[in-house]
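Chemist: Sharing a structure, written as structure tokens. Questions coming.
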Amino acid sequence: MKISSHYLKIFIIKKLKLMFIFMNMKRLFICFFLTTMLSLACRFTVSTPSVISQTPLQAFSTPSAEFKPQVVQVGNADVNYSNVEFTADNQYMVWFETIDNRGNGIVWHCGVNPQTGELIPADGKGFRAFEGTVLGRANPGMDAMGVYYVGMDRTGKLLLVRPTAPNAGEIQELSTPPDLRRRAIYPTILPQQQGGFVFWIKNESVPAGGTNRGNDWFELQYISLDNPSQVNVIERQQRPFRGFAPLDSAFVRWMKNKPALTYGFEDENGIVQIRMLDLTQPYPAPQAVTHDAGNKVDPYSWLYNGQEILLAGINAEARNHVYVRGAGEAEFHLREIIIPTTSGLTNPALAQSNEPIEFNGKVYTVYQINEAGTSFWDVTFAKAGEIWLSTLFESPQRQWLLSDSVTAKAEPEPFVGASRVWVFYNVIEGDNPLTAKWHLYRAETPIH
């Protein structure tokens, strides 16, 4: 994420309004965590697309008073549960167990009971896939053959794992040349397509997070799973003097259900906007798809009912913008604003980690905010947070607070069960993130 001295001054004066530069939301908090550690050595249904385009813009909503947050801790209290993700078929949880303060750990998957939300087995240690580091932790994808996940082992090799049971899986080593400078490895979700793609961010020199001064630039790269030995370079961005490059602050993602990448770049006015690389085009090239005010933070994109949706935090405020782009349109257009006006935090900030939810003909998003602070480290690891659920494309808009407003929280991840939806998230418990336990919690939702 990029921060100039100009933005830093604004950040100090306005108490976090432009702290977007510190955030690789929905996954970057772990990368920054590793940067510090390694300094020692380094989801929804709208009835029709027309409903989306006719939805009135919402500035805020009133929370539903009938729902009371109910949260339980799951897993083993002595285990660090990092980067928890659920496969697109809602059968498995893929996660990374951090085992030391250098970012080393183990990639696991387990099952999830669709009736109760319980892990199978209860501690989440079903199938021990491979040893890796937090930089190469695995993320799930999907193709016509089913779900899988891709990550990097400690030698820099890319591995693809297809779960076959809560305690079993098939491991394939990809022919991509090994490279330990990779981080943030994500595959596509393309359930109707054979094969797919995997992207990552490559550091210039040092295996580390996005702020390490050993790297002057970062490259966005990808492979096709049909030809994994061929590495394709999309764009190179320079490391700013402070903070993160735009492809980290407006974090790279594959559009769900479409082989298209969205990621951040800085426009002529110094605002972080979104570019998109659509691999369905005959001659794919990155194109700007937003051009409005407000720095985009951790955008999540997906294709639904023929329209493309983009969820993004704005300017590190407790504000999400919901954008829509129809077929044939060049840019995304703002359709909805989500602001949790009744937060229990004194100065709520930094909306991030949006994940859409489809259930029973309706669509929602779950996201995270935290108390404002003086730095990325302060906000992410030391400040209290909240997990919120909001309707999408409904009038009036409704929101529900799923958690307390006391502990530091990160990474809300929805799990869609057989008759209800839960949201899992991390609570960081301990005075020092290097030695703290990253506990896993499960929140009830009103979606059933």
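Here my numbering is used: the first residue of the sequence shown is 82, the next is one more, and so on.
In this text, a Cβ means the ideal position worked out from N, Cα and C, and glycines have one as well.
What is the DSSP secondary structure of aspartate 329, counted as helix, strand or coil?
Modeler: Aspartate 329: helix per DSSP, three-state reduction.
Chemist: Quick one: residues in its chain with C-beta nearer than 8 Å to the C-beta of serine 256, no 5 flanking neighbours on either side, listed in chain order?
Modeler: If we look at serine 256 and ignore the five residues flanking it on each side, its Cβ neighbours are Pro309, Ser310.
Chemist: According to the Cβ coordinates, are aspartate 376 and valine 353 closer than 8 Å?
Modeler: In the sequence under discussion, the amino acid at residue 376 is asparagine, which differs from the aspartate named in the question. Taking 8 Å as the Cβ cut-off, asparagine 376 and valine 353 qualify as a contacting pair.
Chemist: Under a three-way DSSP split, which group does aspartate 459 fall into?
Modeler: Note: aspartate 459 maps to helix in three-state DSSP.
Chemist: Could you please give me the residues that DSSP links to histidine 414 through a beta bridge?
Modeler: BP columns for histidine 414 point to Val405.
Chemist: If we ignore side chains and look at the alpha-carbon of each, how far apart do threonine 371 and glycine 409 end up?
Modeler: Approximately 15 Å between the Cα atoms of the pair.
Chemist: Quick test of your reading: glutamate 212 and arginine 235, contact by CB under 8 Å. State the CB separation rounded to the nearest angstrom.
Modeler: Rounded, the Cβ-Cβ distance is 6 Å, consistent with contact.
Chemist: Does the distance from the CB of alanine 331 to the CB of proline 268 come in under 8 Å?
Modeler: Taking 8 Å as the Cβ cut-off, alanine 331 and proline 268 do not qualify as a contacting pair.
Chemist: Identify, in the order they occur along the chain, each residue of the same chain with its Cβ nearer than 8 Å to the Cβ of isoleucine 201, setting aside the five sequence neighbours on each side.
Modeler: Answer for isoleucine 201: Cys191, Gly192, Val193, Asn194, Gly207, Pro247, listed in chain order.
Chemist: Would you report the Cα separation of proline 527 and proline 244, rounded to the nearest angstrom?
Modeler: Cα to Cα, the separation comes out at about 30 Å.
Chemist: Just tell me which of Gly232, Ile419, Gly324 has its CA closest to the CA of asparagine 293.
Modeler: When only C-alpha atoms are compared, the closest one is Gly324.
Chemist: Can you say whether asparagine 451 is buried or exposed, counting buried as having 16 or more other CB atoms within 10 angstroms of its CB?
Modeler: Buried, since its Cβ has 16 or more Cβ neighbours within 10 Å.
Chemist: If you follow the beta strand (DSSP E) that asparagine 67 is part of, which residue opens it and which one closes it?
Modeler: The first residue shown for the chain is 82 and the last is 529, placing residue 67 beyond what the model contains.
Chemist: Just list the residues that DSSP pairs valine 502 with in beta bridges.
Modeler: For valine 502, which the question treats as bridged, DSSP gives the partners Val497.
Chemist: So the candidates are Leu521, Val279, Gln368, Asn401; which of them puts its Cα closest to the Cα of lysine 337?
Modeler: The residue with the shortest Cα to Cα distance from lysine 337 is Val279.
Chemist: Relative to the C-alpha of aspartate 170, which candidate in Asn185, Met223, Arg209, Val155 has its C-alpha closest?
Modeler: Minimum Cα distance to aspartate 170 is reached at Met223.
Chemist: Compute the Euclidean distance between the alpha carbons of tyrosine 419 and asparagine 441, then round it to the nearest angstrom.
Modeler: As written in the sequence, residue 419 is isoleucine, which differs from the tyrosine given in the question. Rounded to the nearest angstrom, the two C-alpha atoms are 22 Å apart.
Chemist: According to DSSP, simplified to helix, strand and coil, what is valine 287?
Modeler: Coil, per DSSP.
Chemist: Buried or exposed, going by whether 16 or more other CB atoms sit within 10 Å of the CB of lysine 339?
Modeler: Buried: at least 16 other Cβ atoms inside 10 Å.
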